[in-house]
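K.L.:
Under our numbering, the residue at position 29 of the sequence shown is numbered 53, and the numbers go up by one with no gaps.
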Amino acid sequence: MDTKENIERISSEMLSIEMRGALAEYLAVELLKFSMYDLQMIGARVRYDIEILPEIYRKKLRPYAEEWFFGRYHQLITKYRDGDFSKYSGPVHDIDTYRNFCMMIPEGCFKSDVNLPSFIPDDRYPSFSLFYYLLNAYAMFVLEEPGHPVGTPFPGGAVVRKTAGKYYCPIREKEEEIPNSICNFCPALQDPDYL
Numbered sequence: 025m026d027t028k029e030n031i032e033r034i035s036s037e038m039l040s041i042e043m044r045g046a047l048a049e050y051l052a053v054e055l056l057k058f059s060m061y062d063l064q065m066i067g068a069r070v071r072y073d074i075e076i077l078p079e080i081y082r083k084k085l086r087p088y089a090e091e092w093f094f095g096r097y098h099q100l101i102t103k104y105r106d107g108d109f110s111k112y113s114g115p116v117h118d119i120d121t122y123r124n125f126c127m128m129i130p131e132g133c134f135k136s137d138v139n140l141p142s143f144i145p146d147d148r149y150p151s152f153s154l155f156y157y158l159l160n161a162y163a164m165f166v167l168e169e170p171g172h173p174v175g176t177p178f179p180g181g182a183v184v185r186k187t188a189g190k191y192y193c194p195i196r197e198k199e200e201e202i203p204n205s206i207c208n209f210c211p212a213l214q215d216p217d218y219l
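Here you go:
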């Protein structure tokens, strides 16, 4: 899963997909290639990333992080197994942003900016990042939702919200300096209450 060639292949193949239903199917097929061991290590990494947060924030974030990773994973795989991608007809909206996202994936998978504990095999574990990017491609370009689910809290009490059919994020424009951040590709707008 985590070879540079494989991740570049996935990125390249995603670039050629322009329809939402086809993208959903492609993402499901790729996500099904993750082994049970991969999923266990990804789960350990998610739990670790949450456990190092201050307790008050950790309690608020945990259910959204679980939905973010495993809720979306199960939703996509269930729809794939049921052959239920018909409602995702039509092209990927904002195709240029989508293509830039696809081209960013290999670089994002091989960055290393954290030191993980010994129970996670390698701090340059690109499968974790690939899983993260594939799930966010599903959220942002198939479901047309923000990368962070509605209700996701951020330090200071602000949350991702949906109002009048539009998504708003309190940190949307604050993460633009981070090159591999999903925020750079997210359909959410900057929440005007948090400029």
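Even glycine gets a Cβ: it sits at the ideal position worked out from N, Cα and C.
Which term fits Glu200, buried or exposed, when burial requires 16 or more other beta carbons within 10 angstroms of its beta carbon?
P.N.:
Flag for Glu200 reads exposed.
K.L.:
Nearest by alpha-carbon distance to His98: which of Phe155, Tyr191, Ser151 is it?
P.N.:
Phe155
K.L.:
Look up Gln214 in the DSSP assignment and give the residues it is bridged to.
P.N.:
Cys193
K.L.:
Can you tell me the Cα-Cα spacing of Ser40 and Leu219, whole angstroms?
P.N.:
C-alpha of Ser40 to C-alpha of Leu219: approximately 36 Å in a straight line.
K.L.:
For a test of the three-state rule: what should DSSP assign to Val70, helix, strand or coil?
P.N.:
helix
K.L.:
Quick check on Pro115: does DSSP put it in helix, strand or coil?
P.N.:
strand
K.L.:
So, is Met60 buried or exposed, given that buried needs 16 or more other C-beta atoms within 10 angstroms?
P.N.:
With fewer than 16 other Cβ atoms within 10 Å, it is exposed.
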